[in-house]
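The structure under discussion appears below in the form of structure tokens.
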Amino acid sequence: MAVLLTRTDKGGLSVFYMLMLRRMGTQWLIGTEGQGVKEISAIFNITRLHTAAGNVGNWGCGLAICRAYSKVRKIPGGLLQDNLAHLAWIAEETVKHRASAHFTHLDVALQGALEQDLDKMVANTKAAQLIPNNKTTVVALLRLLLPPMKAQVSVTSVHGLRQCMECLGGVGYCENNEGGSLMNIAKVYRDNLLNPIWEGTVSVMAEGIVRVLTDKRLGDGDVFKNIFASLIKDVLDHCSSTFQGELPIVQERLEALNDLVHDAQKEELLYRGRQVLKHFEVIVSSIALMYDAQANPDTVTQEIAARWIRMNALPPQMNERSRGWKVLSSMDKHIFFGTPDVNLEVSAKL
């Protein structure tokens, strides 16, 4: 039985009870029984692309509100848009948004190349050196790139929208329904909070990419080396003349990820799954931004690419793999639960 609530003409509530009918034997079976996830996997690409695009759109909405607000908000000595510290802060957030947008739209282009005629879609376009002309390669790339895209873009957009709320001060936190809610960052933020969780949390996406990286059926036994790294190196060579100073930074990231993928066992990869996702995000966003700046020369576009790469450079002193992951994992347990004597066998009660 279900309860339906409706509003009357006078503004009151009316309650209706509705019986839920059970129809036995009339359901339709799609595919093979017990293989539901496998049967619907074809729509995973679209779902994840839709999620990331929504994240980028929500974040872009927040930044647009920040721009409009900065142009009219009065501060001592002028407008908020004249405050240099404010500009530096929001410019950095805009760089992050641009990186997420490029990551997402690169994956959209790959999905389009998979569904359409490659010669008609890619050949004789500026993307010819970015999109592989082999659909098997495109399939493998999508399996690699969609999990980190969904995970990282979802999370970074949440952080980005929080920054947009802060840009407006207390007004950004308040519910604002004026003008069709055009300035209601609070609602956009709440709506966007769901995306890192639904259709697979970050941890689920990390497990997914590890499965792909360790799948010997892909990429002639090494999908990372033969598919992913090969594409990245080709794009870096293509952009080398414009980004001579930034290339070594991206190459260092690629080498760090390569060492992790090929030196670690599957158990360690699962433990370091979020690090793997971050590496993919930085590398793919970097090559997408560089390629765009190379294909469409513009001083601002080049600066955005350079800033993104430099703000995500690996700290030279960091080498967590010098300590065994099992030792770190044991310490994680003590840190999280607060005592080395904690009994994890006790069932949790919510």
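Numbering (the UniProt record's numbering), first residue to last: 1 to 350.
We put the CB at the ideal spot given by N, CA and C, even for glycine.
Y69 classed as buried or exposed, judged by whether at least 16 other C-beta atoms fall within 10 angstroms: buried
Ordered list of alpha helix (DSSP H) runs contained in the region 272–325, each at least 4 residues: 273–295 and 299–311
Limits of the unbroken alpha helix (DSSP H) element including W89: L84 to E115
Delimiting residues of the alpha helix (DSSP H) encompassing D220: Segment: none, D220 is in no alpha helix (DSSP H) and carries neither H nor E.
Residue range of the unbroken alpha helix (DSSP H) whose run includes W59: F44 to V72
Exposure of G221, with buried meaning 16 or more beta-carbon neighbours within 10 Å: exposed
Sequence-distant residues of the same chain with beta carbon closer than 8 Å to C239, five excluded per side: L247, I287, M290, Y291, A293 and Q294
Contact between the region 52–60 and the region 101–121 (3+ Cβ pairs under 8 Å): yes
Inter-residue CB distance, Q251 and L236 (contact presumed, cutoff 8 Å): 7 Å
Length of the line joining the Cα atoms of D298 and P196: 33 Å
Per-residue burial, P316 [other beta carbons within 10 Å of its own, 16 or more giving buried]: exposed
For L145: DSSP bridge partner residues: DSSP lists no partner for L145.
Residue range of the unbroken alpha helix (DSSP H) whose run includes A256: L247 to D263
Backbone secondary structure at T6 - three-state DSSP: strand
Beta-carbon proximity list for I335, same chain, < 6 Å, skipping 5 on both sides: none
Endpoints, alpha helix (DSSP H) assigned at A128: Careful: A128 lies outside any alpha helix (DSSP H) and carries neither H nor E.
Residue range of the alpha helix (DSSP H) that includes V212: V202 to L213
Proximity to R73 [Cα-Cα], best of L168, A99 and A306: L168
8 Å Cβ cutoff met for I131 and A99: no
Coarse secondary structure for A348, derived from DSSP in three states: In this prediction, A348 has a pLDDT of 48, which is less than 50 and means its spatial position is unreliable; what the coordinates show is noted afterwards. In this structure, A348 counts as coil in the three-state DSSP scheme.
DSSP-derived helix/strand/coil call for residue 420: The requested residue 420 is not part of the displayed model; the chain covers only 1 to 350.
Sequence-distant residues of the same chain with beta carbon closer than 7 Å to M121, five excluded per side: G112 and A113
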